[in-house]
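Undergrad:
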Amino acid sequence: MSDLESFRAETREWLEANCPPEMRKPVRDEADVYWGGRNATFKNDAQKAWFEAARDKGFTVPEWPKEYGGAGLSPAEGKVLRQEMARIGARPPLSSFGIWMLGPALLHFGTEGQKKRFLSEIAAGEIRWCQGYSEPGSGSDLVSMQTFGEDKGDHWVVNGQKIWTSYADEADWIFCLVRTDKQNKYQGITFMLFDMAGSGVSTKPIKLISGNSPFCETFFDDVKVPKSYGEDCPGYVGEINRGWDVAKYLLGHEREMISGAGGGDRTAAIGAAMKRNAGELDPVLRAELAQFDVDALAYSAMGEKFLDELKVGKAHPAQPNMMKYAGTELNKRRHELMMAAGGSRALEWESEETGGGKGARNWLRTKANSIEGGTSEVMLNVISKRILDLPGA
């Protein structure tokens, strides 16, 4: 038996022993997702047991180094773990923008002091992060942002506003783009880290057409941001006025996360899920469901290939844009088909039978997929120029 086969057998045995049956069921509502953080609570004992077992094993961030709370798995071992979790339908033990976005940026750009403090807190579910990028009038054109940090020697005083800040009202800390030089458009931005409980930080939820509100407006009024949190632990990532380098790197991981590369509901089959109603569906719709399942499998395979290439440094720099666009379109199509198959009943909004209109609300929520993390139009422009080498307009 090869080392990888032995690892698969050990992983399968560990999952059977540590992943409770309740944690192998599809996510039904927000409370089924554990985000961690200083104010976090567990929905039930099973969620707590699953998180703690994964945390102690290093499986909340399996491919991070052990000294930062990970399991130190190789890319191949990490892939096996994902496969085995998918095989039993295991939920992620911890969901976190710290894992998906900030963590990779810190691993690449962070100091040793930042890694030891922040990565370990992320891996242990002790800190919940949000992202301060977009501003009113500065969405896809991030370098036009106006939030400004005035240099006060050992700290900045930050004033401005961010928008579409996911779960800002639930987050402990924010990783935030702040202009620190008004004369230089690209080299005048600093990537700051600061506490959302600090004086002058406030949030206001934004209600979406789905009736839910994961997004917020975030306001900064004379917020004091330290330049240092201790020895070798700056309050910024990378260099001062070079935050755009960090921001671009992080955007690739954000788009990978939004695209659901390598997994997620958007790559799950829907034809089998609707098998009981297959006889009632229009033949053309049944064919569309079957075609979606084929495309979802192809997308999943493409996602695994991309992740493998990314981990060994062979991925095209614009490939996250392609994955984000393809994942967005696939997810929107998935929910359109589910609504079509559900007929008029799928439009129901409030009954207990439909989980408070979960299907309709999720369908409406997918409309934001083509905006968040970079609009589809911007993604297509990047793909046309950097992958297809087409001339600009």
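Mapping the sequence shown onto numbering that gives the first Met the number 0, position 372 (from 1) lands on 371, and the numbers just tick up by one. Glycine included, C-beta positions come from ideal geometry on N, C-alpha and C. Just so we're clear, the structure is a prediction, and the values are computed from it rather than from any experiment.
(1) Let me know if Asn368 comes out buried or exposed under the rule of 16 or more other beta-carbons within 10 Å of its beta-carbon.
(2) Where do the ends of the beta strand (DSSP E) carrying Pro225 lie?
(3) Determine the extent of the alpha helix (DSSP H) in which Thr327 is found, giving its start and end residues.
(4) Looking only at its chain, what residues have a beta carbon closer than 8 Å to the beta carbon of Ala16, apart from the 5 residues adjacent to it on each side?
(5) For the beta strand (DSSP E) that contains Ser201, what are its first and last residues?
(6) Would Gly136 be called buried (16 or more neighbouring beta carbons within 10 Å of its own) or exposed?
(7) Can you list, in chain order, the residues of its chain with a C-beta nearer than 7 Å to that of Ala339? Leave out the 5 residues immediately preceding and following it.
(8) In the DSSP assignment, find the beta strand (DSSP E) that holds Ile87 and state where it starts and stops.
(9) Three Cβ pairs or more, each shorter than 8 Å: is that satisfied between the segment 94-108 and the segment 72-81?
(10) Should the segment 213-227 be regarded as contacting the segment 155-162, the criterion being three or more beta carbon pairs within less than 8 Å?
(11) Compare the Cα-Cα distances from Arg360 to each of Ile87, Gly210, Leu329 and report the closest residue.
(12) Taking C-beta to C-beta, are Val439 and Val224 nearer than 7 Å?
(13) Spatial neighbours of Phe6 within its chain, please: CB distance less than 8 Å, with the 5 preceding and 5 following residues excluded, ordered by chain position.
(14) Mark Val177 as exposed unless 16 or more other C-beta atoms lie within 10 angstroms of its C-beta, in which case mark it buried.
(15) Skipping 5 residues on each side, what residues in its chain have a beta carbon closer than 8 Å to that of Asp307?
(16) Can you tell me whether Ser133 is buried or exposed? The criterion is at least 16 other CB atoms within 10 Å of its CB, across all chains shown.
(17) Would you tell me roughly how many angstroms separate the C-alpha atoms of Leu309 and Met378, rounded to the nearest one?
(18) Check for me: the alpha helix (DSSP H) holding Glu376 runs from which residue to which?
(19) Let me know if Pro91 comes out buried or exposed under the rule of 16 or more other beta-carbons within 10 Å of its beta-carbon.
(20) Using 8 Å for Cβ pairs, my map puts Ile126 next to Trp63. What's the rounded Cβ distance?
(21) Compare the beta carbon distance of Ala122 and Gly68 with 7 Å and say whether it is the shorter of the two.
(22) For the alpha helix (DSSP H) containing Asn211, list its first residue and its last residue.
(23) Just to confirm the assignment, what range does the alpha helix (DSSP H) spanning Asn17 have?
(24) Please list the terminal residues of the continuous beta strand (DSSP E) segment that includes Phe190.
TA: By the coordinates alone:
(1) buried
(2) 214-225
(3) 318-341
(4) none
(5) 200-205
(6) exposed
(7) Leu284
(8) Taken as a continuous stretch (DSSP letters only), Ile87 belongs to no beta strand (DSSP E), being part of the alpha helix (DSSP H) at 74-87.
(9) no
(10) yes
(11) Gly210
(12) Here the chain covers residues 0 to 392 and nothing more, so residue 439 does not appear.
(13) Glu76, Val79
(14) buried
(15) Pro74, Lys78
(16) buried
(17) 18 Å
(18) 375-381
(19) buried
(20) In fact, because the Cβ distance is near 15 Å, the residues do not count as touching under 8 Å.
(21) yes
(22) Neither: Asn211 is in no alpha helix (DSSP H) and is coded neither H nor E.
(23) 2-17
(24) 188-194
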